[in-house]
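The structure under discussion appears below in the form of structure tokens.
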Amino acid sequence: MLHYFAGFAAAVLTELGVGSGGLLVLYLTSVTHTPQLDAQMTNLLFFILASSLATIWNIRRKRIYYPALCLLSATAILGIIPGTLISLYISQSLLRKCFGGLLSLLGLIQLCKNKKK
214 MLHYFAGFAA
224 AVLTELGVGS
234 GGLLVLYLTS
244 VTHTPQLDAQ
254 MTNLLFFILA
264 SSLATIWNIR
274 RKRIYYPALC
284 LLSATAILGI
294 IPGTLISLYI
304 SQSLLRKCFG
314 GLLSLLGLIQ
324 LCKNKKK
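With positions in the sequence shown counted from 1, the corresponding number in the working numbering is that position plus 213.
Encoded structure:
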């Protein structure tokens, strides 16, 4: 039952625009003891589904700026290959630290942006 609640909470937070990916990975690695790489792959699949549905929703409402969509999609696709290769050759421990560092950096950037406003 806890797994369903965690998935539902992650979905709700995603729809609210909160970076729930970090929370889902944290849940998977801490509570279910899922290996870091598997947790990140699960999170990526969750993100792809959620963002695809949001994109379809916004296309129907004509809220998509297509040049930005194309640019972001292209850079994401280009990042998949090196990201996958790197993740295969580094340890789970280092991968976990890199992911935590990335989330911390992104959080700090958001805090600094909000202070400027």
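No residue lacks a Cβ here, since even glycine has one placed at the ideal position from N, Cα and C.
Who are the Cβ neighbours of residue i in its own chain at under 7 Å, not counting the five residues just before and after it?
i: residue 326; result: none
Would the beta-carbon of residue i fall within 8 Å of that of residue j?
i: residue 312; j: residue 238; result: yes
i: residue 305; j: residue 250; result: yes
i: residue 291; j: residue 300; result: no
Measure the beta-carbon distance from residue i to residue j and round it to whole angstroms, keeping in mind my assumption that it falls under 8 Å.
i: residue 252; j: residue 242; result: 5 Å
Of the residues the options, which one's Cα is nearest the Cα of residue i?
i: residue 297; options: 318, 270, 257 and 284; result: 257
i: residue 264; options: 303, 299 and 285; result: 285
Quick one: what's got a C-beta closer than 8 Å to residue i's C-beta in the same chain, skipping five residues either side?
i: residue 240; result: 219 and 223
i: residue 271; result: 277
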